Amino acid sequence: MTAKRIIVGYDRSADARAAARWALDEAARTAALVEFFYAYEWPEWAPAASTIPAPAVWPDGETDRAIKGSLHEAVTAAKQTHPGVRTEISIVQASTALMLIERSADAGLIVVGSRGHSAVAGLLGSVSVAVSAHAHCPVIVVRGDAAATRPVVVGVDDSPSAHLALDFAVEQAVARGVPLRVIRAWRPVTGIWENSALVTRTVTAEERRPLDELVAGWRDKYPHLDISAEAVVDHPANALALASTTAQLLVVGTRGRGAVRGMVLGSVSQHLLHHSACTVAVVRELPGA
9 MTAKRIIVGY DRSADARAAA RWALDEAART AALVEFFYAY EWPEWAPAAS TIPAPAVWPD
69 GETDRAIKGS LHEAVTAAKQ THPGVRTEIS IVQASTALML IERSADAGLI VVGSRGHSAV
129 AGLLGSVSVA VSAHAHCPVI VVRGDAAATR PVVVGVDDSP SAHLALDFAV EQAVARGVPL
189 RVIRAWRPVT GIWENSALVT RTVTAEERRP LDELVAGWRD KYPHLDISAE AVVDHPANAL
249 ALASTTAQLL VVGTRGRGAV RGMVLGSVSQ HLLHHSACTV AVVRELPGA
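Take a look at the structure:
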């Protein structure tokens, strides 16, 4: 990965602190700058009768000072734990999802915790789903506390986003010096195909040949990287969730599309954002792609 900035959504929660640690560790490997980012949408409400005093539309000075104080505390802590990593802070009064998507065009990674509390809405839920589906760089949702010796796992299929996910996963496994598990899952079939080999929960050599050829190319490029290729008959969400229990990072692509505030991720990516046992990387685009 290039040394572009890593933007971490930070709200002082335990999950945001975990996201910050992940971002700082990554920055220590890549020489990227870490930006501690806070965005909030203040309720724009005013009573219909002008004679009734209205609350402030935007946060008051005390609120702003508290937010800035928490971000500066995060920067101070980062200097102690990761003295070689460059940091900065940013605060915006706008849509969290829209701002993170916009900022992702100039970032190497967006990193958020699995839950969070902003002024109005948490960073997971509609915001994280939308950002993961529309960001111009990989989005990391930090979950669990897996050992650094565990492998990186990537789910692949025939989609372009899956190939981008594999590129990212290889890079991460090489940088971390851990094995890479490449998993291709075929959904079990029913109906007129019930007599096929898939119903016996096996994958034929012909069906898995593209996977083996794909992995062989990466083995040639990185001969010292331990790569395994696994073809299974299972729903991809279930297969990858199971693999996440012994992984440190789970990488998936996304075919998400649609309105920014909708449930726009594919069902597999969306399921894993909420149920993976380890940190999830959703790769829709790679920086500079």
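Residue numbers (the working numbering): 9 to 297. Just so it is clear, CB atoms sit at the ideal spot from N, CA and C, and this is done for glycine as well. This structure is a prediction, so every number in the text was calculated from the model and none was measured.
**OP:** Measure the alpha-carbon distance for alanine 115 versus alanine 40 and round it to whole angstroms.
**Re:** It is roughly 10 Å from the alpha-carbon of alanine 115 to the alpha-carbon of alanine 40.
Subject >> Stretch pair the segment 210-218 + the segment 273-287: three plus CB contacts closer than 8 Å >> reply: Verdict: no, contact absent.
Original post:
For arginine 189, which residues does DSSP report across the bridge?
Top reply: Checking the DSSP bridge columns, you'll see arginine 189 partnered with Val161 and Ser236.
**OP:** Could you tell me which of Pro146, His171, Gly185 and Gly163 sits nearest to leucine 258, measuring between CA atoms?
**Re:** Of Pro146, His171, Gly185 and Gly163, the smallest CA-CA separation from leucine 258 is found for Gly163.
Original post:
What are the start and end residues of the beta strand (DSSP E) that includes glutamate 43?
Top reply: Following the DSSP letters along the chain, one finds glutamate 43 inside the beta strand (DSSP E) bounded by residues 42-47.
Original post:
Whose C-beta lies closer than 6 Å to the C-beta of histidine 90 among residues of the same chain, with five residues either side of it excluded?
Top reply: Annotation for histidine 90: Leu32 and Ala36 place their beta carbon closer than 6 Å to its own, counting only its chain and skipping 5 residues before and after.
Subject >> Enclosing beta strand (DSSP E) for arginine 195 [first to last residue] >> reply: Element bounds for arginine 195: n/a, residue is neither H nor E.
**OP:** Measuring alpha carbon to alpha carbon, tell me which of Ala85, Ser78 and Ser98 ends up nearest isoleucine 14.
**Re:** Checked all of Ala85, Ser78 and Ser98; the closest Cα to isoleucine 14 is Ser98.
**OP:** Rounded to whole angstroms, what's the CA-CA distance from alanine 183 to proline 244? Just pull it up for me.
**Re:** One C-alpha to the other measures close to 26 Å.
Original post:
Considering only C-alpha positions, which residue in the set Ala247, Val120, Ala255 and Leu248 is nearest to tryptophan 30?
Top reply: When only C-alpha atoms are compared, the closest one is Val120.
Original post:
Are valine 100 and valine 42 touching if we call contact CB-CB under 8 Å?
Top reply: Taking 8 Å as the Cβ cut-off, valine 100 and valine 42 do not qualify as a contacting pair.
Original post:
Among Arg73, Val161, Ile109 and Lys12, which has the Cα closest to the Cα of threonine 38?
Top reply: Nearest C-alpha to threonine 38: Lys12.
Original post:
Secondary structure at glutamate 293, three-state DSSP: helix, strand or coil?
Top reply: Correct three-state label for glutamate 293: coil.
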